[in-house]
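Sequences listed follow chains A and B, in order. For the first sequence, this note's numbering gives the first residue as 12, with consecutive numbering after it. For the second sequence, this note's numbering gives the first residue as 12, with consecutive numbering after it. Just so it is clear, CB atoms sit at the ideal spot from N, CA and C, and this is done for glycine as well. Here's the structure, in C-alpha cells; my notes come after.
Protein chains: 2
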Amino acid sequence: MADAAPRTNPLVLSIDAMGGDRAPGAVLDGIDIARVRHPGVRFLLHGPQGELERLIAGEAGLQGVVEIRHAANVVAMDEKPSQALRRRADTSMSNALDSVKNGEAAACVSAGNTGALMAIAQFNLRRIEGIRRPAIAALWPTMHGQTVVLDVGANAGSDARHLVDFAVMGAAYARVVFGLERPLVALLNIGAEEMKGNDAVKGAAQALREATGLPMSFQGFVEGDDISAGTVDVVVTDGYTGNIALKAAEGTAKLIQHYLKEALKRSWMSMLGAAIASGAFRILKIRMDPRSVNGGVFLGLNGIVVKSHGGADGLGFASAIDLAIDMAKQNIVQRIADGLKGVSAALPVPAESAVVEGEAAE
Amino acid sequence: MADAAPRTNPLVLSIDAMGGDRAPGAVLDGIDIARVRHPGVRFLLHGPQGELERLIAGEAGLQGVVEIRHAANVVAMDEKPSQALRRRADTSMSNALDSVKNGEAAACVSAGNTGALMAIAQFNLRRIEGIRRPAIAALWPTMHGQTVVLDVGANAGSDARHLVDFAVMGAAYARVVFGLERPLVALLNIGAEEMKGNDAVKGAAQALREATGLPMSFQGFVEGDDISAGTVDVVVTDGYTGNIALKAAEGTAKLIQHYLKEALKRSWMSMLGAAIASGAFRILKIRMDPRSVNGGVFLGLNGIVVKSHGGADGLGFASAIDLAIDMAKQNIVQRIADGLKGVSAALPVPAESAVVEGEAAE
Numbered sequence: 012m013a014d015a016a017p018r019t020n021p022l023v024l025s026i027d028a029m030g031g032d033r034a035p036g037a038v039l040d041g042i043d044i045a046r047v048r049h050p051g052v053r054f055l056l057h058g059p060q061g062e063l064e065r066l067i068a069g070e071a072g073l074q075g076v077v078e079i080r081h082a083a084n085v086v087a088m089d090e091k092p093s094q095a096l097r098r099r100a101d102t103s104m105s106n107a108l109d110s111v112k113n114g115e116a117a118a119c120v121s122a123g124n125t126g127a128l129m130a131i132a133q134f135n136l137r138r139i140e141g142i143r144r145p146a147i148a149a150l151w152p153t154m155h156g157q158t159v160v161l162d163v164g165a166n167a168g169s170d171a172r173h174l175v176d177f178a179v180m181g182a183a184y185a186r187v188v189f190g191l192e193r194p195l196v197a198l199l200n201i202g203a204e205e206m207k208g209n210d211a212v213k214g215a216a217q218a219l220r221e222a223t224g225l226p227m228s229f230q231g232f233v234e235g236d237d238i239s240a241g242t243v244d245v246v247v248t249d250g251y252t253g254n255i256a257l258k259a260a261e262g263t264a265k266l267i268q269h270y271l272k273e274a275l276k277r278s279w280m281s282m283l284g285a286a287i288a289s290g291a292f293r294i295l296k297i298r299m300d301p302r303s304v305n306g307g308v309f310l311g312l313n314g315i316v317v318k319s320h321g322g323a324d325g326l327g328f329a330s331a332i333d334l335a336i337d338m339a340k341q342n343i344v345q346r347i348a349d350g351l352k353g354v355s356a357a358l359p360v361p362a363e364s365a366v367v368e369g370e371a372a373e
Numbered sequence: 012m013a014d015a016a017p018r019t020n021p022l023v024l025s026i027d028a029m030g031g032d033r034a035p036g037a038v039l040d041g042i043d044i045a046r047v048r049h050p051g052v053r054f055l056l057h058g059p060q061g062e063l064e065r066l067i068a069g070e071a072g073l074q075g076v077v078e079i080r081h082a083a084n085v086v087a088m089d090e091k092p093s094q095a096l097r098r099r100a101d102t103s104m105s106n107a108l109d110s111v112k113n114g115e116a117a118a119c120v121s122a123g124n125t126g127a128l129m130a131i132a133q134f135n136l137r138r139i140e141g142i143r144r145p146a147i148a149a150l151w152p153t154m155h156g157q158t159v160v161l162d163v164g165a166n167a168g169s170d171a172r173h174l175v176d177f178a179v180m181g182a183a184y185a186r187v188v189f190g191l192e193r194p195l196v197a198l199l200n201i202g203a204e205e206m207k208g209n210d211a212v213k214g215a216a217q218a219l220r221e222a223t224g225l226p227m228s229f230q231g232f233v234e235g236d237d238i239s240a241g242t243v244d245v246v247v248t249d250g251y252t253g254n255i256a257l258k259a260a261e262g263t264a265k266l267i268q269h270y271l272k273e274a275l276k277r278s279w280m281s282m283l284g285a286a287i288a289s290g291a292f293r294i295l296k297i298r299m300d301p302r303s304v305n306g307g308v309f310l311g312l313n314g315i316v317v318k319s320h321g322g323a324d325g326l327g328f329a330s331a332i333d334l335a336i337d338m339a340k341q342n343i344v345q346r347i348a349d350g351l352k353g354v355s356a357a358l359p360v361p362a363e364s365a366v367v368e369g370e371a372a373e
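Structural data, given as C-alpha cells:
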C-alpha cells in the first residue's frame, strides 16, 4: 500500500483566486468554509496582491490561513486553451499550478476555464510516466452513493489504450475516495454484449479482460442507465461521450426539479402538502445539489489538480477543497503510478487499436 | 407542402403481436385502448393464429377492429440482428413489416428486439433514396414540451453525411409531430464553439451552414444540458452518443424518483405532506412517465415503423400506436424524401469526413 502521508506538513493548498464566474469572492468564501472544516490547512492564494489584500482586510480568520502570492494576469473564462497556454506567464492559474510543481503545495484548486487549466496543467506538471492522456473524473450520484465517471473532460475521441489508462486511473481514484480495495470497473457502451460498440471500447475490453495484476475487478460493459443505478464503482468512457452524458443527466435533474415545482404550485392542497413536507424537500435538494459533490479531478498528472465548477459559490468551492485535501492525504499520484506499473507490462493492447480508427478487434 | 392524406383509407396499421417482453398481452391491451381513441382505424395482427384467436375470443370490441394474420415464428428479444434477419421467414415481425411494404397497412408497430426490427425493416422496406443510414428518433421531454433527438439507435459511429441526413429526417419529423414550419435544428457537441468536437460533427456543421434550401433553421451546436432545456426542436447526434445520453437521462430520472421517495418517508410530517400533495405527485409521475411518450420512430425507410419499448404495457403500446397514426396521416415518408430532394445537391460534405468509421451493421 502507498504511504498515506501528505507531501507537505502542514498541508498547503494552492488556490487560483481569479478562476470562475464569481471569482475572487466565491473563492474566498470557499476558503472561509474550508478553514473551519480543516483546521491546520494553509492556502497559497494566487492573484492580484492589492485586490486580494483589500478583500481579506477585515477577515481575521482568513488572514490567519492565507498567504497571498501576486499574479498580475488572469486567464479568461472563454479563452481558447492554446491561447491561454501561450500567454500563461504570471497568470493566477499557471502560478497556482507551479506551486504544486515546485512542492510548495500538495494540490491546486481552480474554478477557471477547464480547457485552459488542463492545457497549462499538462504543460507545467507533465503526465505521469506511462499515461498518454490525462482525464477529468466526476463523482456521479447513484442509488448506492457515488460512482467515478471518467473522462468527462471534453476530449474529442479516445483510443483503446487511452480507455485502459482511464480504467487504471479511475480505479486508483475510487480506492482513495471510496476506500475500496478492488473497485468494480466497467466500460460505458451501448449494450452489454461483446460485439457491440466502437473499436476503442472493444479493444479496451479485450485488453482489460486479458490483463493480469489489475488493481480492479473488470466487469465488462455497462449502459448509460447503469451509471445512476450504481452498478459499478468506476465507469470508463471517452471525454466526448462522458461530457455529453454528464450534461444530459444534469439537464434532466433540472427538468424534474422544474416539473416538481410546477406540480406543487397547481393547487392550495399541493402547496400546503409541500409546506408540511418541506423538510423532505430540503433533503432532496441537498442530495441533488451539484455543489455537494463539486469538483472534477484531473487524473494522470504529476500533481493533484481539482477543477471546481465555474459557477460554484463558496459552498461549492469548499467541496472542491475537501476533495483536494482527501486526494493529497492519500497520495493519489503515487497510487496511480504504482497501479500502472503493476499492469502496464501485462497489458496486451492490440496493435490495431492503438489508432483511433483502426480495424475491429473481434 | 406534401399531401397529408393517408396512404390507405380507412387507416390500417400492421401490428407485431409477438414483439416485447409482455407480448401478446400488452399488445392486445394497447390496441384495446387505441381503438377507442381512434375510431375507424383497423389493425392487422401478425402472430400465431390459434393463440391470438383464443385471446380475443371474448373481446367483442377487439374482434371488430382486428384481423389476424398467421405467422408461425417469433423473433426472440435477445436474438442477434444478423441471425434474426437470416431466419426472418414467417416471423410476426417480418410479416408485419411486409404489410407496410405491400401497401396493405400505413405503418407498422412492434415492441420487439430493436436491432432485429431495424435490420429486417431495412431489408424489407429499403431506405429512402439518398438516405445512407436510417435513424431512430426519440421524443425527449423538455422545459417547453418535447425535442426530437436522433439517432438513439445504438449505431457505433456516424460520419458527417449520416449526421446531415439525420438533420433532414429530424426536421421532417418535427414538422409532423410539432407542426412547425421551420424547426430549429442543432448538432449535439461538447461545446458551442466551432473548433470543438470530432470530425463528423465539424463536417456536418460546415455542410449544414453552407447548404441552401434546407427545410429547417440550423442553429449550430448545443450541449447535453440543452436537450432537456428545450433550446432547439431537433438535436442531432450519432447513435452511440444518443443512446448513452438517453439512457443516462433515464437513469437520472429514476434516481431522483428514488431520492424523492426516500426523502418523503423520513418523518410522519413528510408523509402527511406527501399525502396532501398527492395530486401534484400524480401529475409529476405522469409527466415523467416514459409510457406517455413511448415509441422510437425509425426514420429514413420507405415506410413508417414505430418501435415501442420492449417492456411497455398496454398504455405504452397505445402511445406508440398514437405516434404511428400521426405519422401515417401526415405522410412523413414523402416529406423526408421531399426535404432531401431540396437540399441534397447543395450539400458540400467535405471529402475527409466522408468515411469516419466503417458501417456498423452487425
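{"Query": "Mind checking if Asp-378 (chain A) is an interface residue toward chain B, Cβ cutoff 9 Å exclusive?", "Result": "Beyond the ends of chain A as shown, which are 12 and 373, falls residue 378 (chain A); an answer cannot be given."}
{"Query": "Verify whether the separation of the beta carbon atoms of Ala-274 (chain A) and Gln-230 (chain A) is less than 9 Å.", "Result": "no"}
{"Query": "The alpha helix (DSSP H) that contains Gly-75 (chain A), what's its start and end?", "Result": "71 to 76"}
{"Query": "Provide the residue span of the beta strand (DSSP E) that contains Ser-121 (chain B), from first to last.", "Result": "118 to 121"}
{"Query": "Taking the alpha helix (DSSP H) that Thr-92 (chain A) falls in, what are its first and last residues?", "Result": "The residue asked about is misnamed: residue 92 (chain A) is Pro in this sequence, not Thr. Unbroken alpha helix (DSSP H) run through Pro-92 (chain A): 92 to 97."}
{"Query": "Determine the chain A residues that contact Lys-318 (chain B) at a beta-carbon separation under 7 Å, and present them in chain order.", "Result": "Neighbours of Lys-318 (chain B) on chain A: none; closest Cβ ~15 Å, over 7 Å."}
{"Query": "Taking only three categories from DSSP, how would you classify Met-29 (chain A)?", "Result": "coil"}
{"Query": "Using only alpha-carbon positions, find the residue among B:Leu-271, B:Gln-60, B:Ser-228 that is nearest to Ala-288 (chain A).", "Result": "B:Leu-271"}
{"Query": "Does any residue of chain A have a CB that is nearer than 9 Å to the CB of Ala-365 (chain B)?", "Result": "For Ala-365 (chain B), the predicted structure reports a pLDDT of 38, less than 50, and the residue's modelled location is therefore unreliable. A value from the coordinates is still provided. It does not: the Cβ of Ala-365 (chain B) has no partner Cβ on chain A nearer than 9 Å."}
{"Query": "What residue range is occupied by the uninterrupted beta strand (DSSP E) comprising Leu-191 (chain B)?", "Result": "No beta strand (DSSP E) holds Leu-191 (chain B); DSSP gives it neither H nor E."}
{"Query": "Mind checking who Asn-84 (chain B) pairs with in its DSSP beta bridge?", "Result": "B:Thr-102"}
{"Query": "Can you find a C-beta in chain B that's less than 9 Å from the C-beta of Met-282 (chain A)?", "Result": "yes"}
{"Query": "Beta carbon of Leu-39 (chain A), beta carbon of Ala-118 (chain A): below 9 Å?", "Result": "no"}
{"Query": "Provide the residue span of the beta strand (DSSP E) that contains Ser-228 (chain A), from first to last.", "Result": "228 to 233"}
{"Query": "Hey, Ile-255 (chain A) and Leu-199 (chain B) are a contact pair by Cβ (cut 8 Å); roughly how many whole angstroms apart?", "Result": "6 Å"}
{"Query": "So the candidates are A:His-269, A:Asn-209, A:Lys-276; which of them puts its Cα closest to the Cα of Tyr-251 (chain B)?", "Result": "A:Asn-209"}
{"Query": "Looking at the unbroken beta strand (DSSP E) that takes in Lys-318 (chain A), where does it start and where does it end?", "Result": "315 to 318"}
{"Query": "Should Leu-136 (chain B) be listed as close to the ligand GTP, given that the test is whether its C-beta is under 8 Å from any heavy atom?", "Result": "Among the components modelled here there is no ligand, and therefore nothing to report on the ligand GTP."}
{"Query": "Taking 9 Å as the CB-CB cut-off, is Lys-265 (chain B) touching chain A?", "Result": "yes"}
{"Query": "Compare the beta carbon distance of Ser-319 (chain B) and Val-120 (chain B) with 9 Å and say whether it is the shorter of the two.", "Result": "yes"}
{"Query": "Check whether the Cβ atoms of Asn-124 (chain A) and Met-104 (chain A) lie closer than 9 Å to each other.", "Result": "yes"}
{"Query": "If you measure between the beta carbons of Leu-96 (chain B) and Gly-51 (chain B), is that distance less than 9 Å?", "Result": "no"}
{"Query": "Within its chain, find whatever has a CB closer than 7 Å to the CB of Gly-58 (chain B); leave out the 5 residues flanking it on each side and keep chain order.", "Result": "Ala-28, Met-29, Pro-35, Ala-82, Ser-103"}
{"Query": "Quick one: measure Cβ to Cβ for Ile-315 (chain A) and Gly-41 (chain A), integer angstroms, because I've assumed they're closer than 8 Å.", "Result": "Their Cβ separation, rounded to whole angstroms, is 17 Å, which puts Ile-315 (chain A) and Gly-41 (chain A) out of contact at 8 Å."}
{"Query": "Is the Cβ of Arg-138 (chain A) closer than 9 Å to any Cβ of chain B?", "Result": "no"}
{"Query": "Are Gly-311 (chain A) and Pro-145 (chain A) closer than 9 Å when you measure CB to CB?", "Result": "yes"}
{"Query": "Can you name the residues of chain B whose CB is closer than 7 Å to the CB of Gly-290 (chain A)?", "Result": "Ser-278, Met-280, Ser-281"}
{"Query": "Roughly how many angstroms lie between the CA atoms of Ala-4 (chain A) and Asn-166 (chain A), to the nearest whole one?", "Result": "Absent from the model: residue 4 (chain A). The displayed extent of chain A is 12 to 373, so no value can be given."}
{"Query": "In whole angstroms, what separates the C-alpha of Val-245 (chain A) from that of Val-163 (chain A)?", "Result": "13 Å"}
{"Query": "Quick check: is the beta carbon of Leu-174 (chain A) nearer than 9 Å to any beta carbon in chain B?", "Result": "no"}
{"Query": "Take Ala-216 (chain B) as the anchor and find which of B:Arg-193, B:Asp-176, B:Val-317 has the nearest alpha-carbon.", "Result": "B:Asp-176"}
{"Query": "With which residues is Pro-152 (chain A) paired in a DSSP beta bridge?", "Result": "A:Gln-157"}
{"Query": "Using alpha carbons as the reference points, say which of A:Asp-101, A:Ala-122, A:Ala-107, A:Gly-114 lies closest to Asp-89 (chain A).", "Result": "A:Ala-122"}
{"Query": "List the residues of chain A that Met-154 (chain B) touches, going by C-beta distances under 7 Å, in chain order.", "Result": "Leu-266, His-269"}
{"Query": "Would you list the one or two residues that DSSP bridges to Ala-146 (chain A)?", "Result": "A:Leu-310"}
{"Query": "Are the C-beta atoms of Gly-306 (chain B) and some chain A residue less than 9 Å apart?", "Result": "no"}
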